[in-house]
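To keep things clear, I will list the structure first and then write my remarks on it.
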Amino acid sequence: MESQNQTPNSNIIGNPTPTSSFPTNLVNKERTNLVIHSKWAELNGAVGDLGTYVPLVLALTLAKDLNLGITLIFTGIYNIISGTIYGLPMPVQPLKCIVVVALSNGPKFDVPEIMAAGICIEGVMLVLGVTGLMQLTYKLVPFSIISGVQLAQGLSFALTALNYVENIQKFSVSKSWEYKPWLGLDRLSLAISCACVMILVDGVGKGVQQHGQNDHKIIRAHETNTSDQLERCGTKIRAHIRKFMALLPTALVIFLFGIIVAFIKRPKVLSDIKFGPSSMHVVQFSRHAWKEGFVKGTIPQLPLTVLNSVISICKLSSDLFPGKELSATLVSMTVGIMNVIGCWFGVVPSCHGAGGLATHYKFGGRSGGCVALLGVAKLGLGLALGTSLVKILSQFPIGFLGVMLFFARIELAMASRKLSSVEDSFVKLICTVVSLVGSDTVLGFVCGIFVRFLLRIRKFLE
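Numbering-wise (UniProt numbering), the sequence shown opens with residue 1 and increments by one.
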């Protein structure tokens, strides 16, 4: 990633500089946003975030009869549009708090309540974006607080990922059962093997291009400066091995391996597949659905959406992609628009998220083309297989998704490391610990703000 010498205004995505040939410049910009720099790296990054997406959508499909086919079509379109607008691997993920509420409330919180909650929360997000209040909030929230939220979110989902690896999952009832045996399909031995491969190949997640460039430099240096033929040959071999490992799309390989395991577990799954898209219906809402959706779904989800889907992802993007600053106003509006439309047709309420951005980046995503590829794949599967795809996903080894989710969330936790003072680190850790122990990100956020306020008073008194 290279910083470009641009004016501050031109670096804010969503605020283009007006010109006389605006339509032409806009088309050229969108084409640039979808440029794929390394096809294998971008494809690997696209697959990486399935560790979050698949378990949540699969759980709602099995427990609440969510229309998986329509959800794939709409979220695929969301992915393509997000990649086109932002030029970054901008994720599209289900609203996790609403999913948890739906799974824990049984038949009292069904599809109409889920969709009502999504429409309400995204209506609020749209208003916050249009009025400029979201941009104001983004500027006021200290980085130490956002860093604490990122660390808490990363560690929390890393623990969830370990649960996927260790325990047998029953998504239809949203519960984990006994520990998995060591040997067999979707067992601990296979998941741990996948984790070892990912560590060996990816390391801490360095950029593919950087690896390749360094290896070429090593080869050239030894060709020029080394006279010993055997040593030069050994160095070449090591450099080529490192280059191969850097180019190997581990997330994609593990996902494809999981598909093979799914068919081995139940070979007759092919007979359950029906080709063609699912039928689309408008969700019928009752007064009870609006009330339950707003009280149980919208209210607890709203602060998380503001923090994680807008503020945190904007700050994280400036860390991962120097020179590309996301506009909190635009992010808030895109989150609002896609759900205000989709939820009327039973599409899972979705958002952007810092964890998803860190995931795509971890596995090689560097442009909007990364999520556009994912969107095309979702769109194609939704049109070709519809809801019958759940027959395959229900056999997919969840432990493999847990491995991908674990390393992706470690990447998010690592992204919170840049702080300039001991005071900021103190606030960050308090925010993190309270969020984890209390299982409430909002509580951690409030405590972090309060502690920072007390420290400011103390500094003033000194």
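Every residue, glycine too, gets a C-beta built ideally from N, C-alpha and C.
With a minimum length of 4 residues, the unbroken runs of alpha helix (DSSP H) contained wholly in the region 58 to 96 fall at 68 to 86. If you look at Lys315, you'll find it in the alpha helix (DSSP H) that goes 313 to 320.
For Ile337, the enclosing alpha helix (DSSP H) covers residues 328 to 342. Rounded to whole angstroms, the separation of the alpha carbons of Asp424 and Ser144 is 5 Å.
As for any alpha helix (DSSP H) of minimum length 4 sitting wholly inside the region 85 to 158, the runs are 96 to 104, 111 to 131, 133 to 140, ordered along the chain. Leaving aside the five residues that flank Cys447 on each side, the residues in its chain whose CB is nearer than 8 Å to its CB run, in chain order, Ile430, Cys431, Val434. Gln395 carries a coil assignment under DSSP once its states are collapsed to helix, strand and coil. Counting only residues of its own chain and dropping the five nearest sequence neighbours on each side, Ala46 has a CB closer than 6 Å to the CB of Cys370, Leu373, Leu374. Bridge pairing for Tyr361: absent [DSSP].
DSSP, read as helix, strand or coil, puts Ile241 in helix. Of the other Cβ atoms in all chains shown, fewer than 16 fall within 10 Å of the Cβ of Thr131; this residue is therefore exposed. The beta carbon of Val282 is closer than 7 Å to those of Trp344, Phe345 in its chain, skipping five residues each way along the sequence. With fewer than 16 other CB atoms across the displayed protein chains lying within 10 angstroms of its CB, Ile457 is exposed. Across the structure, Val442 and Ile254 are spaced so that their CA atoms are roughly 35 Å apart. When the beta-carbon positions are compared, Phe400 and Cys196 stay at least 8 Å from each other. Here Arg266 has Gln395 as same chain residues with Cβ atoms under 6 Å from its own Cβ, once five neighbours each way along the sequence are excluded.
By the neighbour-count criterion, in which 16 or more other beta carbons inside 10 Å mark a residue as buried, Leu88 falls on the buried side. Cβ contact annotation for Met134 (same chain, cutoff 7 Å, sequence separation greater than five): Leu128, Val310, Ala328, Thr329, Ser332, in chain order. For Phe275, same chain residues with a beta-carbon under 7 Å away, outside a window of 5 residues either side, are Ala384, Leu385 in chain order.
By the C-beta criterion, the region 179 to 195 is judged not to be in contact with the region 63 to 76, since fewer than 3 inter-stretch pairs fall below 8 Å. For the options Ile98, Thr160, Phe321, the alpha carbon positioned closest to that of Leu436 is the one of Thr160. DSSP, read as helix, strand or coil, puts Glu178 in strand. A direct Cα-to-Cα measurement between Leu155 and Leu405 gives close to 11 Å. Only exposed fits Ser439, as fewer than 16 other CB atoms lie within 10 angstroms of its CB. Going by C-alpha positions, Glu292 is about 43 Å away from Pro249. For the pair Leu316 and Thr359, the Cα-to-Cα distance works out to about 12 Å. DSSP places Gln284 in the coil class of the three-state scheme, outside both helix and strand.
Inclusion of Leu68 and Val57 in the CB contact set at 8 Å is warranted, their separation being smaller than that value. Gly355 sits close to Thr52, with the two beta carbons spaced by under 8 Å. Contact between Thr387 and Met125 fails: their C-beta atoms lie close to 28 Å from each other, not under 8 Å. Taking the CA atoms as reference points, Cys351 sits about 9 Å from Glu122. Here the alpha carbon of Ala102 sits roughly 23 Å from the alpha carbon of Val165. Within the model, the alpha-carbon separation for Gly382 versus Ile114 is close to 21 Å. Non-local C-beta neighbours of Ile337 in its own chain, meaning closer than 8 Å and more than five positions away in sequence, comprise Glu122, Leu126, ordered along the chain. DSSP, reduced to helix, strand and coil, places Ser350 within a strand of the structure shown.
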